[in-house]
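Chemist: I'd like to ask you about the structure that follows.
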Amino acid sequence: MAKEITARADDYSQWYIDIVKKAGLADNSAVRGCMVIKPHGFAIWENMRDQLDRMFKETGHVNAYFPLFIPKSFLSKEAEHVEGFAKECAVVTHHRLMNDPNGNGVVVDPEAKLEEELIVRPTSETIIWNTYRDWINSYRDLPLLINQWANVVRWEMRTRLFLRTAEFLWQEGHTAHATKAEAVEETLKILDIYARFAEEYMAMPVLKGVKTINERFAGAEDTYCIEALMQDGKALQAGTSHFLGQNFAKAFEVKFQNENNEEEFVWATSWGVSTRLMGGLVMTHSDDDGLIIPPKLAPMQVVIVPIPKPNEVIGEVAEKIMRALRDKGISVQYDRDMTKRPGFKFAEYELKGIPVRLGLGQRDIENGQVEVARRDTKEKSSVPLDGVADYVEKLLAEIQQNLYQRAYDYRTEHTTRVDSFEEFNEVLDGKGGFVEAHWDGTTETELQIKELTKATIRCIPIDGEEEAGKCVLSGKPSKQRVVFARAY
47 MAKEITARAD DYSQWYIDIV KKAGLADNSA VRGCMVIKPH GFAIWENMRD QLDRMFKETG
107 HVNAYFPLFI PKSFLSKEAE HVEGFAKECA VVTHHRLMND PNGNGVVVDP EAKLEEELIV
167 RPTSETIIWN TYRDWINSYR DLPLLINQWA NVVRWEMRTR LFLRTAEFLW QEGHTAHATK
227 AEAVEETLKI LDIYARFAEE YMAMPVLKGV KTINERFAGA EDTYCIEALM QDGKALQAGT
287 SHFLGQNFAK AFEVKFQNEN NEEEFVWATS WGVSTRLMGG LVMTHSDDDG LIIPPKLAPM
347 QVVIVPIPKP NEVIGEVAEK IMRALRDKGI SVQYDRDMTK RPGFKFAEYE LKGIPVRLGL
407 GQRDIENGQV EVARRDTKEK SSVPLDGVAD YVEKLLAEIQ QNLYQRAYDY RTEHTTRVDS
467 FEEFNEVLDG KGGFVEAHWD GTTETELQIK ELTKATIRCI PIDGEEEAGK CVLSGKPSKQ
527 RVVFARAY
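Residues in the sequence shown are numbered from 47 upward in steps of one, following the numbering used here.
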């Protein structure tokens, strides 16, 4: 099966597509730019979604749902917002079809034109803030901490499964606060949740930072982000949290009476991660033999494969192992398929990224042991049957940590400080990765660097130290290094 996957060194882009399709994560659909998320892929996304949902709720957030359609007039109320999304919007103009009088199938009924066009949501700030106007009257109504799990549409021309599609799944939080300080605190709290999820569950190390004015979300005063580094040396924006100030509150007249009985506009945030994280998961950990899933997100953490095929004795032992594993909260499956040989099954589970495989045969049972194979390093061990549950529990934790450390080490090796534009280009064209360099703080220089190198400022690190220097391109003074990279 691995022979069907293009090697990363030969064609990284094709390797990624091969993994996504052959591991059963997603496929292209009949609608250009849209994907079908297959059961294995959706099961991983569900684990991501459920864990994030728990983390949001632990901090007081609740879920709601808002309409898929947004009146066109709503988007025009916040100028920067509409400018940022105008070129990506899908527009509904009619509400009915009819049979073509000339017999050419179904056509749009010209009599069914909408009085006002509807936009298929690219993001929900406008429809939500129009709703919040009715929900918020007093400081007692604040803070309002709402999240929704939904789909959105952004009409992308160049698409790639999970990384950039016309329709994708995500969560979008939209909160309202009585003070600027509370809103900023919320923005950073969510950023920390995203970073913790990425590192503790996805085993994907990330940088936390703030976007430049040019890269910030349309309509935001500040955009904070987490940035990850993929195995080809390119960056992936893995999540964003936006401090919106009072921009949307003013656009939609969302006011409240404060404790002094004075009327104020509320302060806002929005934040989101999407199925793009699935692409990040694939590109951070997988190898030329297939998908690798961190155990904390694996829909199935352990599979038991009978050798050479299922029988009653092997089945009874497998059941005992499964009970012991499930008592520890470990998901496990026994492969009862009689039509495939063990070698084929091993390759299939390796391709799909199952973290641990147990090979169980008649001779193993007689010897009181079981063969344990780990997906990340492909190492195998013979383990006593009576201790296999404890061993696997520790092994899953070890795999989770190893995947994180491996990705962290790669990022460290591919993070380079440069002080000249010549070095800047050499690193980008050589090993790639994150390039820490001085920048003069102007959008003009930022855009020039992008045009010359295709690298963008991924973030201004939150924990970055002040360091006097000169911009790598303009030579003008700089107070801090920023992180550049070519990116998805």
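C-beta: ideal position from N, C-alpha, C; glycine also.
Computed from a predicted structure; not experimentally measured.
(1) May I ask you to report which of helix, strand or coil DSSP gives A443?
(2) Give the single residue among E161, E50 and A69 whose Cα lies nearest to the Cα of M324.
(3) On the DSSP bridge assignment, give the partners of Q194 in chain order.
(4) Using DSSP with H/G/I as helix, E/B as strand and the rest coil, what is Y178?
(5) Could you say which of R206, T211 and L431 lies nearest to R200 if we only look at CA atoms?
(6) Name the residue from V529, C517, T489 and E310 whose alpha carbon lies nearest to the alpha carbon of I259.
(7) Using a threshold of 9 Å, state whether the C-beta atoms of A328 and V312 are closer than that.
(8) How many angstroms separate the CA atom of T172 from the CA atom of V378?
(9) Going by other Cβ atoms of all chains shown within 10 Å of its Cβ, with 16 needed for buried, is V221 buried or exposed?
(10) With distances taken between CB atoms, is the gap from S170 to A196 smaller than 9 Å?
(11) Is the segment 350 to 357 in contact with the segment 451 to 464, if contact means three or more CB pairs nearer than 8 Å?
(12) Output needed for I508: all residues of its chain with C-beta closer than 7 Å, excluding positions within five of it in sequence on either side, in chain order.
(13) The beta strand (DSSP E) that contains D155, what's its start and end?
(14) Tell me which residues share the same chain as E310 and place their Cβ nearer than 7 Å to its Cβ, disregarding the 5 neighbours each side in the sequence.
(15) Please tell me whether E250 and A297 are closer than 9 Å, where the distance is taken between their beta carbons.
(16) Does the CB of V252 have a neighbour CB from chain B at under 9 Å?
(17) Quick one: Cα of N588 to Cα of G510, how far?
(18) Applying the criterion that 16 or more other CB atoms from any shown protein chain within 10 Å of the CB defines a buried residue, is F390 buried or exposed?
(19) What does I83 pair with, by DSSP beta-bridge criteria?
(20) Checking 9 Å against the spacing of the C-beta atoms, do R167 and F208 come in under that value?
(21) Got a sec? Which residues, its chain only, sit under 7 Å from S427 by beta carbon, not counting five neighbours each side?
(22) Is W485 helix, strand or coil by DSSP?
(23) Count the CB pairs spanning the segment 238 to 248 and the segment 486 to 506 that are closer than 8 Å, and state whether there are at least three.
(24) Assign N306 to one of two classes, buried (16 or more other C-beta atoms within 10 Å of its C-beta) or exposed (fewer than that).
(25) Using the Cα positions of T502 and L337, report the straight-line distance between them to the nearest angstrom.
(26) Would you kindly check if the distance between the Cβ of A370 and the Cβ of V434 is under 9 Å?
(27) To which residues of the same chain is C535 closer than 7 Å at the C-beta, ignoring the five residues directly before and after it?
(28) Quick one: give me the first and last residue of the beta strand (DSSP E) that I506 is part of.
(29) From E126, K118, R179 and D436, pick the residue whose C-alpha is nearest to that of K374; which is it?
(30) Using 8 Å for Cβ pairs, my map puts T225 next to T315. What's the rounded Cβ distance?
(31) What whole-angstrom Cβ distance do A364 and G326 have, given they're in contact under 8 Å?
(32) Residues in the same chain with beta-carbon distance under 6 Å from P341, minus the five sequence neighbours each way, listed in chain order, please.
(33) Use the C-beta contact count for Q451: other C-beta atoms within 10 angstroms, 16 or more gives buried, fewer gives exposed.
(34) Please state whether DSSP places W201 in a helix, a strand or coil.
(35) Take the Cβ of V77 as the centre, count every other Cβ of all protein chains shown within 10 Å, and call the residue buried at 16 or more, exposed below.
(36) Give the secondary structure of K391 by DSSP, where H, G and I count as helix, E and B as strand, and everything else as coil.
Modeler: Inspection of the coordinates gives the following:
(1) Your numbering for residue 443 matches position 397 in the sequence shown. Of the three classes helix, strand and coil, the one that applies to A443 here is helix, per DSSP.
(2) To locate residue 324, count along the sequence shown from 1; it is residue 278. The shortest CA-to-CA distance from M324 to any of E161, E50 and A69 is the one to A69.
(3) The residue you call residue 194 lines up with position 148 of the sequence shown. Looking at the DSSP assignment, Q194 forms a beta bridge with E218.
(4) Sequence index remark: in the sequence shown, residue 178 carries index 132 (1-based). Annotated three-state conformation of Y178 is helix, per DSSP.
(5) Mapped onto the sequence shown, residue 200 falls at position 154. Of the candidates R206, T211 and L431, the one whose C-alpha sits nearest the C-alpha of R200 is T211.
(6) Here residue 259 refers to the residue found at position 213 of the sequence shown. Selection V529, C517, T489 and E310 evaluated against I259 yields T489 as nearest (Cα-Cα).
(7) Counting from 1 along the sequence shown, the entry for residue 328 is found at position 282. Counting from 1 along the sequence shown, the entry for residue 312 is found at position 266. According to the sequence provided, residue 328 is Val. The question's Ala does not apply to it. For V328 and V312, no; Cβs fall outside 9 Å.
(8) If you number the sequence shown from 1, residue 172 lands on position 126. If you number the sequence shown from 1, residue 378 lands on position 332. Rounded to the nearest whole angstrom, the CA to CA distance from T172 to V378 is 44 Å.
(9) Walking along the sequence shown from the start, residue 221 turns up at place 175. The sequence given here has Thr at residue 221, not Val. Classified as buried, T221 has 16 or more neighbouring CB atoms from the shown chains inside 10 Å of its CB.
(10) For the purposes of this step, residue 170 is taken as the residue at position 124 of the sequence shown. For the purposes of this step, residue 196 is taken as the residue at position 150 of the sequence shown. Yes.
(11) Not touching, per the Cβ criterion.
(12) One-based indexing of the sequence shown puts residue 508 at position 462. Excluding positions up to five away in sequence, the list reads K254, G255 and V256.
(13) On the sequence shown, position 109 is the one that residue 155 refers to. Per DSSP, D155 belongs to no beta strand (DSSP E) and is neither H nor E.
(14) Taking the sequence shown and counting its residues from 1, one reaches residue 310 at position 264. K301, F302 and N304, listed in sequence order.
(15) What you label residue 250 is simply residue 204 of the sequence shown in a count that begins at 1. What you label residue 297 is simply residue 251 of the sequence shown in a count that begins at 1. According to the sequence provided, residue 250 is Met. The question's Glu does not apply to it. Taking a C-beta distance under 9 Å as the contact criterion, M250 and A297 do not qualify as a contact pair.
(16) The question asks about chain B, but that chain is absent: this structure has only one protein chain.
(17) Outside the displayed span of the chain (47 to 534) sits residue 588, for which this structure offers no information.
(18) Taking the first residue of the sequence shown as 1, we reach residue 390 at position 344. Exposed, since its Cβ has fewer than 16 Cβ neighbours within 10 Å.
(19) Position 37 of the sequence shown, counted from the start, is the residue given in the question as residue 83. Paired residues: A72.
(20) The count along the sequence shown starts at 1 and reaches residue 167 at position 121. The count along the sequence shown starts at 1 and reaches residue 208 at position 162. No, they are not a contact pair.
(21) Position 381 of the sequence shown, counted from the first residue, corresponds to residue 427. Result list for S427: V418, in chain order.
(22) To locate residue 485, count along the sequence shown from 1; it is residue 439. For W485, the secondary structure class from DSSP, reduced to helix, strand or coil, is coil.
(23) Result no; under three Cβ-Cβ pairs closer than 8 Å.
(24) Within the sequence shown, the letter at position 260 stands for residue 306. Burial call: exposed.
(25) Within the sequence shown, residue 502 is the residue found at index 456, counting from 1. Within the sequence shown, residue 337 is the residue found at index 291, counting from 1. Going from the Cα of T502 to the Cα of L337 covers about 29 Å.
(26) Locating residue 434 in the sequence shown gives position 388, counting from the first residue. Locating residue 370 in the sequence shown gives position 324, counting from the first residue. The answer is yes: Cβ separation under 9 Å.
(27) Since the first residue shown for the chain is 47 and the last is 534, residue 535 is missing from the structure and cannot be characterised.
(28) Counting from one through the sequence shown, the residue named residue 506 turns up at place 460. Segment T502 to P507, the beta strand (DSSP E) holding I506.
(29) Translated into positions along the sequence shown, residue 374 becomes position 328. Nearest of E126, K118, R179 and D436 to K374, Cα basis: D436.
(30) Within the sequence shown, residue 225 is the residue found at index 179, counting from 1. Within the sequence shown, residue 315 is the residue found at index 269, counting from 1. The Cβ separation is near 12 Å, so there is no contact.
(31) Working through the sequence shown from its first residue, we reach residue 364 at position 318. Working through the sequence shown from its first residue, we reach residue 326 at position 280. No, A364 and G326 are not in contact; Cβ-Cβ is about 34 Å, not under 8 Å.
(32) Here residue 341 is taken as the residue at index 295 of the sequence shown, counted from 1. Answer for P341: Q347, P401, L442, I445 and Q446, listed in chain order.
(33) Looking up residue 451 in the sequence shown gives position 405. So Q451 ends up on the exposed side.
(34) Position 155 of the sequence shown, counted from the start, is the residue given in the question as residue 201. Judged by DSSP in its simplified three-state form, W201 adopts coil rather than helix or strand.
(35) Position 31 of the sequence shown, counted from the first residue, corresponds to residue 77. So V77 ends up on the exposed side.
(36) Sequence index remark: in the sequence shown, residue 391 carries index 345 (1-based). Here K391 sits in helix by DSSP.
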